[in-house]
Each structure stands twice: as structure tokens, then as C-alpha cells.
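Participant: Quick note on numbering: numbering that gives the first Met the number 0 labels position 231 of the sequence shown as 230, and the sequence is numbered without any gaps. Cβ coordinates follow ideal geometry from the N, Cα and C atoms, glycine included. Handing you this structure, nothing more for now.
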Amino acid sequence: MTLEPPVAAGATGTAAVLRNRPFLLLWLSQLATQVGSNMVLYGLTVIVLESTNLSSAVSALFLTFLVPAVLLSAVAGVYVDRVDRRLVLVLTNVLRAAAMVAIWWVGGNVGLILLLNIAVSVITVFFAPAEAAMIPYLVPRHQLVSANGLFTLTLNGAFALGYALLGPLVVKVSGGPEPVLLVVAFLYGMAALFCLTLPSSPPARIEGEAAGDAVHEAGEAVQGTFAQLAEGMAYIRTNRAIGWSLIYLGIAASLVGVIGVLGPDFAADTLGLGAEDLFVVVLPLGIGIVMGVLLLNSYGRYVPRRRAIEGGLIALGVLLAVMTIAGPLSRALQRVQAPLVDLSAVTSLIAVVTAMAFVAGIAYGIVAISSQTQLQEDLPEEVRGRVFGVLNMLVSVGSFLPIIIVGPISDLVGTTTVILVVATGIFLSGLVSIVRRGPLAPAEEMATAGMMVPGTAVDPIGVAMRTDERHRSTPDDPEDFGE
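Shown next, in the form of C-alpha cells:
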């Protein structure tokens, strides 16, 4: 059942979907929880690093965010379907607010922080499918694309807003990272109130369902996930262009993991700042990503998409490598400046790093958006959901590996060395792509970086959700996996 909001029939677009009051409340809940979750990620990173001075401890913190999602996501939705989704949304937000207060109360006890954060992550695993399933319940079918697009935009923007701006701002204003936890507890509480006003979404009655069917269905969900991943991998092996797009996106995901774990140490070791000053790097990086998207929209049509990706990888590798020697570079620039012109503001270490991070963000945005668009263009609709499932797995692995590996290695050899090695790998991946894939084919020359694919899904989450809805309604339809 879908609630029909009091909007003009057939009205689409962001403004129209936001006039649907239940959806507006759900979106405000998403905004509060996503911004809050990213603020917590920043605040806890500072707390753990200041308490231990170990990048490996930060790796452990990031794993507490990621592991529960990877292990439990396939089964959480099965149980969510058996209770009122509004109840799930309210309860999970109340529990997360309480957990934030508990983490604030334990102070610098890193062991308890990690345990409590695991609990928060497990709770979030049940919140996410309930939130996604409420969208088609609250929004008519013709507005689903606009609603999913708004949720995806919020999901991406929340990282910049929470992790790069509001988290650091609260730390600076309050004089420490601990108040961030109380601010986020308030945001979760507000989200619970928003969800409390939503219409009830009782579970569908299934005739003849036994008490143990949920456990059985959860097992089938896990088996189905692995089966679809296997089908997606088989398709990728026979389509090399799709494999390259997944590699590009996997590299992008790995870079995010590296910056998340090593960023605070980099701010301290290279820039001589406190761990709480990571925003000096992250904020211009986020602004650069937005600029990269704008540049693609305005000038991407003049550049073949594959060359834009390869050039972005090479530029990203060079910029990261140069950032590792930002200190000597800044001092060299200050020595050669004209004696009558004061360029200290331009050649200062922070100015140099900020400028490089901004340009690196542009390069990252070009690589990530172009790779995603290329993947959408190359995929037939009948396998799109399965290959995006592989993409999600690859992104998870790409995030996991650096989190597990780079933290302990950084403690042994130093942050600068690790980032330099990562930068070299990214640079070489661009060169290998140019050499191994060879000259552009005629179709690749025509596919410019500014071209968007009409009718394709805007995000893997949207693909998975819509695929799942059709699968449950018509389980015998061979086209269930399509868009």
C-alpha cells in the first residue's frame, strides 16, 4: 500500500515530493541521522586518536562502523518486514540517542567506546532498511525517482556537512570532541520525533506463516545475496569494460578509507595541527568534489569519459604524493619568493595543502562520477541490480582493506610513507589503464565525460530497493533483476 499525498496528480520533482508532508518528515529524519552519524565519526576519531595516539586504534573504530553492516544487512530487512516500520524507526533512533549519551559518559575509555559503537552500528543496520522501505509506502510511484534522488543527495552531502563542517565546528567552538556526542544525541532524538508523526506501516500478513519462518527467510536472504553476487561476478568476467569501471570505483572507495584512518595523523605529523583540525584537508576536498561535478556538467562533453577517469587517477596520485612533501615544498616556496612581495599567505603550509586538497577533490569527483556513469551506461537492465550488488561488495572490501592494513602499518613506518605508497598506486593505476586498454575505440571517443545516461538509476541503493520491491511482488518474473 502506498499513501497518496495531497499533491497534484502526476507532479514530479523535488519540490513536489517535499510537499508530501509524511515524506518531508522522513527526509528530515534522514538528514538529522546522516549528519549526526558523520559528526560522530569525526568526533570519535578525534577522541580515539587523542586517547591512544595510534592509527591502528582509529582503524578499529572504523571497523566498528562497517563490520555490522556487512554481516547483518542481508538479514536485517527480513525482520524489519515483520514489524511496524514506524516503530523500528522510532525505537532505533531512541536507542542511538541513548548510546551517544553512554559514549559521552564513558569518556576516554576506548574499549567501551568501541563496544558501544558496535551496538550503535547494529541498531543502524535495522534502521536503514526500515527507512528505505518507507519511501515507496509514503510516495506515489511517479515520484519515486525524485524521492530516491533526494535521499541519495542527502546521503552524499551529509558526509561533507557532518564530517567536514559541523563536526569540526562543534569541536572548535566547544573546545573538545566530547560535546559532539551530545549534539548528535539531540539529532537522533529529533529524528525519533519526526518518525513518531509518520503513519503506521504494519507488516503485511502472510497466510500460513510459521513462527520460525523469519529465521528460514533470513537464511534464504543470505543465500540469495551470494547467488546474485556470483551471477554478477560471472557477467563481469565476460565484460572487461565493466570490470575496469568497478576497479576505478574500488580505488575511489579505498582512498576514502585511507583518508579516514590516516587523515588525523596526517594533520598532526605533516601540518603540525591537532587531530581535530582535519577539516583543513577534508573541507577543501569536499568542496573540490562538488566543483568536479560542476566541471563535468559544464565542460565534460569535450573530453572522452575514459580519458577523464585516467587523467583524474594520475592527477590524484600526483597531488597526494605532493601533499606528503607539503612541508619542504612550502619552505622552498617561501625561500624563492620576491623580497619586496609578501607571499607568506600563499606559500604557508596550510595554504599549500588546502589548495592541493581542493584540486584533489576535483580529480576524485571526476573519477567517481565518470566511473559510475560509465558503469550505468554499459550495464544491461536485466543484470544491473546484480552487478551493483558486486559494486557494493567491492566498495565494502575497498573500504575494509585500507582500514585493516594502513593503520597498523602507519604506526610502524609513519603516515607520510603510507600515503606516498597509496598515491603511487593510484598514479600507476591510471597509467596501467591507458597502456592495457590501449587507444580509444570509436564508441569511447563518443562517450564524453559530460554525458549522463537517461533512465538509469541514480544510485545502487535505489536499484537494490526497487529490485527488491518487484521481486517480492512478482517472484516468478524473470525480469525481477532489472531496473
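Ordered along the chain, which non-local residues of its own chain (more than five positions away) have a Cβ less than 8 Å from that of L439?
Facilitator: The sequence position of residue 439 within the sequence shown is 440, counting from 1. These residues qualify, in order along the chain: P303, R305 and R306.
Participant: Can you check which of these residues, A132, N147 and A127, is closest to L17 by C-alpha distance?
Facilitator: Here residue 17 refers to the residue found at position 18 of the sequence shown. Minimum Cα distance to L17 is reached at N147.
Participant: Identify every residue that forms a DSSP beta bridge with P167.
Facilitator: Sequence index remark: in the sequence shown, residue 167 carries index 168 (1-based). DSSP output for P167 lists no bridge partner at all.
Participant: I'd like to know whether the C-beta atoms of T91 and F126 end up nearer to each other than 8 Å.
Facilitator: The sequence position of residue 91 within the sequence shown is 92, counting from 1. The sequence position of residue 126 within the sequence shown is 127, counting from 1. Their beta carbons are under 8 Å apart, which means T91 touches F126 by this criterion.
Participant: Do you know offhand how far L27's Cα is from F193's?
Facilitator: To locate residue 27, count along the sequence shown from 1; it is residue 28. To locate residue 193, count along the sequence shown from 1; it is residue 194. Computed Cα separation, rounded: 7 Å.
Participant: Tell me the start and end of each unbroken beta strand (DSSP E) in the region 46 to 114 that is at least 3 residues and wholly inside, in chain order.
Facilitator: none
Participant: DSSP state of P139, grouped into three classes?
Facilitator: What you label residue 139 is simply residue 140 of the sequence shown in a count that begins at 1. Coil, per DSSP.
Participant: Quick check: E309 and I425, are their CB atoms within less than 8 Å of each other?
Facilitator: Along the sequence shown, one-based indexing puts residue 309 at 310. Along the sequence shown, one-based indexing puts residue 425 at 426. Contact: no.
Participant: Go ahead and label L293 buried or exposed: buried means 16 or more other beta carbons lie within 10 angstroms of its beta carbon, across all protein chains shown.
Facilitator: One-based indexing of the sequence shown puts residue 293 at position 294. So L293 counts as exposed.
Participant: Label L94 either buried or exposed according to how many other C-beta atoms from any shown protein chain fall within 10 Å of its C-beta, with 16 as the threshold for buried.
Facilitator: As a position in the sequence shown, residue 94 is number 95, starting the count at 1. Per the 10 Å Cβ criterion, buried.
Participant: Let me know if S369 comes out buried or exposed under the rule of 16 or more other beta-carbons within 10 Å of its beta-carbon.
Facilitator: The sequence position of residue 369 within the sequence shown is 370, counting from 1. Buried, by the Cβ-count rule.
Participant: Can you give me the C-alpha to C-alpha distance between L160 and G364, rounded to a whole angstrom?
Facilitator: Within the sequence shown, the letter at position 161 stands for residue 160. Within the sequence shown, the letter at position 365 stands for residue 364. Near 17 Å, if we compare the C-alpha coordinates of G364 and L160.
Participant: How big is the Cα-Cα spacing for A456 and V144?
Facilitator: As a working note, residue 456 is residue 457 in the sequence shown. As a working note, residue 144 is residue 145 in the sequence shown. Residue placement at A456 is poorly supported in this model, since its pLDDT is 35, which falls under 50; the coordinates are not used for a value here.
Participant: Measuring CA to CA, which of L40, R84, L65 and P201 is closest to V183?
Facilitator: Residue mapping note: residue 183 aligns to position 184 of the sequence shown, counting from 1. The candidate whose alpha carbon is nearest that of V183 is L40.
Participant: Would you kindly work out how many angstroms separate the C-alpha atoms of G271 and A350, rounded to a whole number?
Facilitator: On the sequence shown, residue 271 is found 272 positions in, with the first residue counted as 1. On the sequence shown, residue 350 is found 351 positions in, with the first residue counted as 1. C-alpha separation (whole angstroms): 13 Å.
Participant: Here's a check: name, in chain order, each residue in its chain whose Cβ is nearer than 6 Å to the Cβ of A31, leaving out the five neighbours to either side.
Facilitator: Position 32 of the sequence shown, counting from 1, holds the residue named residue 31. Result list for A31: L186, M189 and A190, in chain order.
Participant: How many angstroms separate the CA atom of L348 from the CA atom of T51?
Facilitator: For the purposes of this step, residue 348 is identified with residue 349 of the sequence shown, where counting begins at 1. For the purposes of this step, residue 51 is identified with residue 52 of the sequence shown, where counting begins at 1. Going from the Cα of L348 to the Cα of T51 covers about 26 Å.
Participant: At which residues does the alpha helix (DSSP H) containing L439 begin and terminate?
Facilitator: Walking along the sequence shown from the start, residue 439 turns up at place 440. Segment: none, L439 is in no alpha helix (DSSP H) and carries neither H nor E.
Participant: Report all residues from its chain with a CB closer than 6 Å to the CB of A448; omit the five preceding and five following residues, and keep chain order.
Facilitator: Along the sequence shown, read from residue 1 onward, the residue named residue 448 stands at position 449. In the same chain as A448, and ignoring 5 residues on each side of it, the C-beta atoms closer than 6 Å to its own belong to L295, G299, V302, R304, A307 and S369, in chain order.
Participant: So, at 7 Å on beta carbons, what are the nonlocal neighbours of I286 in its own chain, with the 5 sequence-adjacent residues on each side left out?
Facilitator: What you label residue 286 is simply residue 287 of the sequence shown in a count that begins at 1. Excluding residues within five positions, the ones whose Cβ falls inside 7 Å are F357 and G360.
Participant: If you draw a straight line from the alpha carbon of W104 to that of G311, how long is it in whole angstroms?
Facilitator: Position 105 of the sequence shown, counting from 1, holds the residue named residue 104. Position 312 of the sequence shown, counting from 1, holds the residue named residue 311. Taking the straight line from one Cα to the other gives about 44 Å.
Participant: So L197 is in the alpha helix (DSSP H); what residue range does that whole segment cover?
Facilitator: In the sequence shown, residue 197 corresponds to position 198, counting from 1. From DSSP, L197 is part of no alpha helix (DSSP H); its letter is neither H nor E.
Participant: Assign S297 to buried or exposed, taking buried as 16 or more other Cβ atoms, counted over all protein chains shown, within 10 Å of its Cβ.
Facilitator: As a working note, residue 297 is residue 298 in the sequence shown. Answer is exposed; the Cβ neighbour count stays below 16.
Participant: Taking the continuous alpha helix (DSSP H) assigned at F357, which residues delimit it?
Facilitator: Position 358 of the sequence shown, counted from the start, is the residue given in the question as residue 357. Where F357 is concerned, the enclosing alpha helix (DSSP H) stretches over L348 to D377.
Participant: Can you give me the C-alpha to C-alpha distance between G262 and S200, rounded to a whole angstrom?
Facilitator: Taking the first residue of the sequence shown as 1, we reach residue 262 at position 263. Taking the first residue of the sequence shown as 1, we reach residue 200 at position 201. Near 42 Å, if we compare the C-alpha coordinates of S200 and G262.
Participant: Identify the continuous alpha helix (DSSP H) that holds P283 and give its terminal residues.
Facilitator: In the sequence shown, counting from the first residue as 1, residue 283 sits at position 284. Counting along the chain, the alpha helix (DSSP H) containing P283 begins and ends at F278 to Y298.
Participant: Can you say whether N108 is buried or exposed, counting buried as having 16 or more other CB atoms within 10 angstroms of its CB?
Facilitator: Start at 1 with the first residue of the sequence shown, and residue 108 comes out as number 109. Classification for N108: exposed.
Participant: Measuring alpha carbon to alpha carbon, tell me which residue in M38, D264, Q29 and V280 is nearest L181.
Facilitator: Taking the first residue of the sequence shown as 1, we reach residue 181 at position 182. Comparing Cα-Cα distances from L181 to each of M38, D264, Q29 and V280, the minimum goes to M38.
Participant: Assuming V119 and A98 make a contact with CB atoms under 8 Å, what is their CB distance in whole Å?
Facilitator: As a position in the sequence shown, residue 119 is number 120, starting the count at 1. As a position in the sequence shown, residue 98 is number 99, starting the count at 1. Indeed they touch by this definition, with Cβ atoms about 5 Å apart.
Participant: Here's a check: name, in chain order, each residue in its chain whose Cβ is nearer than 6 Å to the Cβ of A68, leaving out the five neighbours to either side.
Facilitator: As a first step, residue 68 is located in the sequence shown; it is residue number 69 there, counting from the start. Cβ within range, chain order: V124.
Participant: For the candidate residues I418, R236 and L282, whose alpha-carbon lies nearest to that of A354?
Facilitator: By 1-based counting over the sequence shown, the position of residue 354 is 355. Minimum Cα distance to A354 is reached at L282.
Participant: List the residues that DSSP assigns as beta-bridge partners of P303.
Facilitator: Locating residue 303 in the sequence shown gives position 304, where the first residue counts as 1. For P303, DSSP records a beta bridge to T447.
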